[in-house]
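As given, the protein sequences belong to chains A and B, one line each in that order. Going by full-length UniProt numbering, the first sequence opens with residue 1, and the numbers climb by one from there. Going by full-length UniProt numbering, the second sequence opens with residue 1, and the numbers climb by one from there. C-beta atoms are modelled at their ideal positions from N, C-alpha and C, and glycine is treated no differently.
Protein chains: 2
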Amino acid sequence: MIKSVSQEDAWKGEANCKICSIRDTVLFAGLEEKDFEHIHKPIEQLPLQPGDALYHAGSKADRLFTIRSGLVKLVQYLPDGTQRIVRLLRATDVTGMEALLGGEYQHDAIIMQTTEVCVLPIDVVQRLSKENVKLHHELMKRWQRALSDADLWITQLSTGSAKQRVARLLIKLVCDEDNHCELFNREDMGAILGITTETASRTVAEFKRKGLLREMRPNQYVADTDKLQEVAEDLV
Amino acid sequence: MIKSVSQEDAWKGEANCKICSIRDTVLFAGLEEKDFEHIHKPIEQLPLQPGDALYHAGSKADRLFTIRSGLVKLVQYLPDGTQRIVRLLRATDVTGMEALLGGEYQHDAIIMQTTEVCVLPIDVVQRLSKENVKLHHELMKRWQRALSDADLWITQLSTGSAKQRVARLLIKLVCDEDNHCELFNREDMGAILGITTETASRTVAEFKRKGLLREMRPNQYVADTDKLQEVAEDLV
DNA sequence: CGCATTTTTGATATAGGTCAAGAGGCGTGG
DNA sequence: CCACGCCTCTTGACCTATATCAAAAATGCG
């Protein structure tokens with residue numbers, strides 16, 4: 001089992017939230033000068049590698065994480081041991097909100113692509129959220145966002161044929177206006193879509209053949225979003 | 001389209017939260033004497049029939065609902081018009097929390113079985129939640145609960161074979177220790193599980209034949225939860 | 001360069017979708 | 001009270017999509 005990051009072995013990159021480069025989109029967006037006085041413990045910034053775990057299901061939830069960059073998967077396991085990925089996290093997403101209720105983490109949070117996170121001790125967040133209405137509102141927004149994501153996961157990624165699901169996933173993965181995107185391994189694609197690795201592989205291969213995906217460099221694709229959209233809606 | 005309940009045509013059952021019969025499990029559990037002074041508008045209690053809508057996707061979210069009894073489905077629609085049910089709500093569940101963020105409702109909330117709800121105007125909840133820490137905590141708990149439910153929906157009801165999914169759904173529907181349960185129509189079962197009406201029907205019929213379900217009276221079943229559990233985990 | 005892992009591809013079996021028709025319930029109106 | 005029409009559930013026949021099992025090809029890593 002992968003060890004999750006601990007306060008000890010982590011690089012103690014002390015974050016300066018005041019000058020944070022993504023601050024206006026981030027949980028602490030609404031903080032004011034006086035609020036920062038309450039942050040005694042430094043907020044750590046961690047660089048993490050694929051395969052690392054942010055936290056594990058069942059362990060005590062005592063920290064909240066803001067994803068600064070990269071890609072993280074939230075994984076749950078079925079009784080028979082098969083895994084299902086229930087959410088993906090990217091820049092500005094917050095995870096580990098279970099900590100606000102003093103329970104245990106509900107998922108394994110595993111790094112998929114090199115990721116930078118801020119680690120927020122839960123007592124700091126709790127104290128600040130009592131005093132700062134904006135932060136409190138921000139927290140609720142994140143909660144709502146997670147819930148919408150979960151709903152989308154059900155309607156988009158767990159409904160319809162394998163082709164439709166893969167197409168919808170690819171559309172989600174397109175990051176810039178050039179329709180550039182980066183895939184991940186077929187097993188993870190399967191665990192996201194509730195299909196087998198083989199079906200994921202075959203479908204991606206078919207999309208490549210039909211030109212809906214063009215591989216420019218290893219794992220650097222350009223997607224034909226219009227055509228993919230047609231597949232997603234089964235207009236083919 | 002079904003009209004959603006409005007303040008006007010609703011039965012103005014004015015609730016008395018202080019003596020509410022399910023108060024200790026409900027959102028307002030932590031309210032104190034002084035808090036009630038803030039509830040000027042009466043909290044309505046509505047009795048609703050199958051097919052009625054609590055609210056519709058896209059309409060302004062201005063009320064929060066506590067389910068007192070009955071069964072409600074949250075429905076979303078795919079571009080091609082097919083519907084997918086993303087959550088079920090029962091006694092003590094809260095829905096419409098989008099209202100706290102001043103947005104629009106994300107789903108159609110449709111009554112499946114005769115249901116009683118309390119309607120909480122959002123401004124009342126917001127004011128109370130600022131002053132009462134327990135209520136605030138309760139709200140976060142509901143949010144977390146909704147999120148866990150969504151995760152379960154993905155792992156349990158949208159993963160594995162049709163038989164497994166139906167079995168898992170039936171287990172969820174068992175209400176008392178006698179393994180008594182009540183199903184709903186096959187179309188809804190399909191929309192919950194991401195399978196067709198016919199497959200839902202065939203699977204239920206098969207379970208009946210094999211004795212995993214015994215129909216005592218019309219739509220009053222007794223479930224063999226042990227056997228269903230085996231099917232759910234594919235140990236057959 | 002060689003081993004381990006992942007991806008692709010193939011062959012086959014089967015679950016589940018699709019289309020269609022019959023059966024049972026239920027309400028409405030004659 | 002019965003007959004008719006409407007719905008939902010069930011069942012059947014068929015066919016396709018996807019799972020399964022297996023092996024080859026490609027990729028990455030020490």
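Can you tell me whether residue i is helix, strand or coil according to DSSP?
i	result
A:E116	strand
A:G70	strand
B:T225	helix
B:D234	coil
A:L104	Note on identity: in this sequence residue 104 of chain A is Glu, with Leu being the wrong assignment. Correct three-state label for A:E104: strand.
A:Q220	strand
A:E215	strand
B:I110	strand
A:I171	helix
A:K210	coil
A:K95	First, the residue type needs correcting, since residue 95 of chain A is Thr and not Lys in the sequence shown. Reduced to three states, the DSSP call for A:T95 is strand.
B:A150	helix
A:I122	helix
B:L89	strand
B:A200	helix
A:C20	coil
B:L54	strand
A:Q49	coil
A:L139	helix
B:L157	helix
B:L183	coil
B:G193	Inspection of the sequence shows that residue 193 of chain B is occupied by Leu rather than by Gly. Note: B:L193 maps to helix in three-state DSSP.
Report buried or exposed for residue i, applying the criterion of at least 16 other Cβ atoms within 10 angstroms of its Cβ.
i	result
A:L235	exposed
A:M97	buried
A:A205	exposed
residue 239 of chain A	Beyond the ends of chain A as shown, which are 1 and 236, falls residue 239 of chain A; an answer cannot be given.
A:V75	buried
residue 284 of chain A	Chain A is shown only over 1 to 236; residue 284 of chain A falls outside these bounds and no answer can be derived.
B:C175	exposed
B:E138	buried
B:R214	exposed
A:Y221	buried
A:D9	At A:D9 the pLDDT is 43, less than 50, meaning the model places this residue with poor confidence; the figure from the coordinates comes in the next sentence. Result: exposed.
A:P218	exposed
B:G160	buried
A:D151	buried
Establish whether the CB of residue i and some CB of chain A are separated by less than 9 Å.
i	result
B:D234	yes
B:L64	no
B:G103	yes
B:E198	no
B:V94	no
B:V117	no
B:P79	yes
B:K172	no
B:E177	no
B:I150	A small fix is needed here, since residue 150 of chain B is Ala in this sequence, not Ile. Chain A contact via Cβ: present.
B:L147	yes
B:H107	yes
B:H180	no
B:I110	no
B:S158	yes
B:T203	no
B:I122	no
B:Q113	no
B:V194	Checking the displayed sequence, the identity of residue 194 of chain B turns out to be Gly instead of Val. Yes - at least one Cβ of chain A is within 9 Å of the one on B:G194.
B:K130	yes
B:I67	no
Is residue i close to chain B? Criterion is C-beta to C-beta, closer than 9 Å.
i	result
A:G227	Looking at the sequence shown, residue 227 of chain A is not Gly but Lys. Judged by the 9 Å Cβ criterion, A:K227 is not in contact with chain B.
A:V133	yes
A:Q49	no
A:V86	yes
A:E187	no
A:H137	yes
A:L100	yes
A:K141	yes
On the premise that residue j lies in contact with residue i, defined as a C-beta separation below 8 Å, what is that separation, rounded to the nearest angstrom?
i	j	result
B:L54	B:V117	7 Å
A:K60	A:E131	25 Å between Cβ atoms; not a contact.
A:T199	A:A167	Contact flag wrong, Cβ pair sits at about 13 Å.
B:L147	B:Q126	About 21 Å separates the two Cβ atoms, so there is no contact after all.
A:L46	A:V119	6 Å
B:T225	B:I171	6 Å
B:C181	B:L173	4 Å
Check whether the stretch 176–194 of chain A touches the stretch 138–150 of chain A, taking contact to mean three or more Cβ pairs, one atom from each stretch, closer than 8 Å.
no
So, do the stretch 104–114 of chain B and the stretch 66–81 of chain B have three or more beta carbon pairs nearer to each other than 8 Å?
yes
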